[in-house]
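Residue numbers (my numbering), protein chains in the order written: chain A, 5 to 235; chain B, 189 to 240.
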Amino acid sequence: MKRVFPILSVLTATLLIYALYQALVVAPTEQTMGDVQRIFYYHVPSAWTAFILFFVNFGASILYLIKRRPAADMVALVSAEVGVVFLLVNLVTGPIWARPVWGIWWTWDWRLTSTLVTWLIYVSYLMLRRFSSGGQTPTLAAALAVLGALCIPFVYFSIWFFRTQHPQPVIGGDGSIDPRMMHALLINWLAFVCFAFMVCWSRYRLEKLQRDVNQAYAMASLLAPHGSARR
Amino acid sequence: MTNGYLFAAYAATWIIHIAYLGTIVSRYSRLKREIGELKKPAVTSSVSSLRS
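Following this line, the structure appears as structure tokens:
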């Protein structure tokens, strides 16, 4: 495994560079928005990747609630944390696109607001994990993760159900897209998914190590004379 | 001017990702130090299972 990680990291970096080239050079310039439309090649794949990670978080949380496996709890934590980072990218790049196109940074429309609320739910999930030390924390967090997952279909379908300022979906919507644009979009999504996988892998190893260290501290405090244990 | 927004969006994306990767590396370094402390003789038996 230790040899596979660097190889996959190099492959992922290569794919990210190729995806960037596709987004900035190969994909044609959109007629009305111009080059600013190319933000779409980072904005949309970031959201899709975050949603995949939140569904992984949902599945792992359900598994934890049923089987109480620590590995499932770790997968849930890691996927939520990396998902929050990807959704933050989506929330930051969206207003940067909106300012030149809509003339405003932000509007409280259904899609934007529901995305922000979903992000805040997962941030609260991470804060619960970080600041609560009780034995029930993973169970409470898993329950919160189920609530967070319920928001994701709402975010995705909000542009179908409600009148919003947000553009219609690229896939499954009424509009059409140039095949070169679609290719650039899908390549960027693939690159982001690979990158997210590598980040999750690193974060999982870190979490495993952290739990091993915590366990070692607990063992040390049992073995050490009274008052000398650190934790 | 629109190129400025494009650059800002792509730069913000990688600043966020690199900052997050930085926190992972920093937490990993701190854990390595803690493992070093734990591997002192008094607690060696309890940490023998830790990966180096």
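Ideal Cβ positions, reconstructed from N, Cα and C, are used throughout, including at glycine.
Please read all numbers here as calculations on a predicted model, not as lab measurements.
Residue nearest to residue i in terms of C-alpha spacing, selected from the options
i                      : options                       : result
residue 3 of chain A   : A/206, A/198, A/155 and A/167 : Outside the displayed span of chain A (5 to 235) sits residue 3 of chain A, for which this structure offers no information.
residue 212 of chain B : A/211, A/223 and A/96         : A/211
residue 196 of chain A : A/128, A/47 and A/33          : A/47
residue 96 of chain A  : A/109, A/180 and A/86         : A/109
residue 73 of chain A  : A/7, A/159, A/207 and A/146   : A/146
residue 139 of chain A : A/77, A/13 and A/56           : A/77
residue 194 of chain A : A/37, A/98 and A/45           : A/45
residue 240 of chain A : A/54, A/225, A/14 and A/132   : Summary: the structure shown does not reach residue 240 of chain A, with chain A confined to residues 5 through 235, and so no result is reported for it.
residue 71 of chain A  : A/10, A/35 and A/143          : A/143
residue 6 of chain A   : A/224, A/206 and A/225        : A/206
residue 104 of chain A : A/36, A/156, A/224 and A/25   : A/36
Closer than 9 Å to chain B by CB, residue i
i                      : result
residue 194 of chain A : no
residue 170 of chain A : no
residue 191 of chain A : no
residue 77 of chain A  : no
residue 140 of chain A : no
residue 165 of chain A : no
residue 47 of chain A  : yes
residue 55 of chain A  : no
residue 42 of chain A  : yes
residue 39 of chain A  : yes
Length of the line joining the Cα atoms of residue i and residue j
i                      : j                      : result
residue 204 of chain B : residue 93 of chain A  : 7 Å
residue 149 of chain A : residue 228 of chain A : 38 Å
residue 185 of chain A : residue 164 of chain A : 22 Å
residue 216 of chain A : residue 208 of chain A : 12 Å
residue 50 of chain A  : residue 56 of chain A  : 10 Å
residue 9 of chain A   : residue 107 of chain A : 44 Å
residue 195 of chain B : residue 201 of chain B : 10 Å
residue 240 of chain B : residue 210 of chain B : In this predicted model, residue 240 of chain B has a pLDDT of only 48, less than 50, meaning its place in the structure is not dependable; the value taken from the coordinates is given anyway. Each residue's Cα considered, the two are about 21 Å apart.
residue 152 of chain A : residue 137 of chain A : 21 Å
Same chain only: Cβ atoms within 7 Å of residue i, ignoring 5 sequence neighbours per side
i                      : result
residue 28 of chain A  : 42
residue 162 of chain A : 114, 115, 118 and 168
residue 204 of chain A : 82, 83 and 86
residue 12 of chain A  : 202
residue 234 of chain A : Its pLDDT being 49, under 50, residue 234 of chain A is placed unreliably in this model, and the coordinates cannot settle the point.
Integer Cβ distance of residue i from residue j, believed to fall under 8 Å
i                      : j                      : result
residue 126 of chain A : residue 58 of chain A  : 7 Å
residue 40 of chain A  : residue 188 of chain A : Wrong, their Cβ atoms sit about 15 Å apart, outside the cutoff.
residue 91 of chain A  : residue 52 of chain A  : With a Cβ gap of about 10 Å, residue 91 of chain A and residue 52 of chain A do not count as contacting.
residue 199 of chain A : residue 20 of chain A  : 6 Å
residue 64 of chain A  : residue 79 of chain A  : 4 Å
residue 181 of chain A : residue 26 of chain A  : Wrong, their Cβ atoms sit about 14 Å apart, outside the cutoff.
Nonlocal neighbours in the same chain, by C-beta distance under 6 Å from residue i, ignoring five residues either side
i                      : result
residue 173 of chain A : none
residue 60 of chain A  : 83
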